[in-house]
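Structure, as structure tokens:
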Amino acid sequence: MSEFQTASFRTAVGGFHKGDVTEYISKAAQDHAGEITALEEKIEALQAENDRLRAQLLDQSAAAAPAEAEEPEAPEPKEAAEDLTRQELEAYRRAEAAERVAAQRVRKLYADMQDVCDRSTRQAKASQSAAQEAMEVLDKQLEILRISAAALRDGLLSSSEELAAMTEFVPDPAEELED
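In terms of the numbering used here, the sequence shown is residues -3 to 175.
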């Protein structure tokens, strides 16, 4: 579980790198599914052991039954019944403990994933805010650039008009040749 607590993600525009987060969640889900499968197998093994012990006790009881038929009915040995009860109780407790551990792991994994999602959301909001501020700055600079370009255009047009007016005072060299 400690590898999930120290997971780090590459950042991307607008938050974490989506592939890293998806890979982390997928791996966590696979690990959790593996743990659940292992615990279910353990429960099945304990149930099989319980069934085996019951069958063994029934076989012992059946083997003892013909001998008891000759004798007056004797109650089942108290020790065997207590032993079976104790074994069943131990198997039940082990299964219950395994279930509690699995539930705790699920809650921990859920909390870890919630933390990752919360951090991702906070970073995405911070990135969005920074991007909006940058866009506002760019908009202001673009407006300044537009105003400067308009002033430059007006200046060039004015200069062009002044140059055109000056050409009236410059004599045409072709006219001098005609004279």
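Note that CB positions come from ideal geometry on N, CA and C, so glycine has one too.
Given the structure is predicted, the values throughout are model-derived calculations rather than measurements.
Can you tell me the Cα-Cα spacing of Leu159 and Glu171, whole angstroms?
-> As a working mapping, residue 159 is identified with position 163 in the sequence shown. As a working mapping, residue 171 is identified with position 175 in the sequence shown. Distance between the alpha carbons of Leu159 and Glu171: 21 Å.
Using three-state DSSP, classify Thr7 as helix, strand or coil.
-> The residue you call residue 7 lines up with position 11 of the sequence shown. In the structure shown, Thr7 sits in a strand (DSSP, three-state: E or B).
Alpha-carbon to alpha-carbon, Gln124 and Ile143 | As a first step, residue 143 is located in the sequence shown; it is residue number 147 there, counting from the start. As a first step, residue 124 is located in the sequence shown; it is residue number 128 there, counting from the start. Spanning the two alpha carbons is a distance of roughly 29 Å.
Test item: CB-CB of Leu42 and Leu80 under 8 Å | The count along the sequence shown starts at 1 and reaches residue 42 at position 46. The count along the sequence shown starts at 1 and reaches residue 80 at position 84. No.
Report yes or no: do three or more beta-carbon pairs, one from the segment 18 to 28 and one from the segment 104 to 119, lie closer than 8 Å?
-> The answer is yes - the segment 104 to 119 touches the segment 18 to 28, with three or more Cβ pairs under 8 Å.
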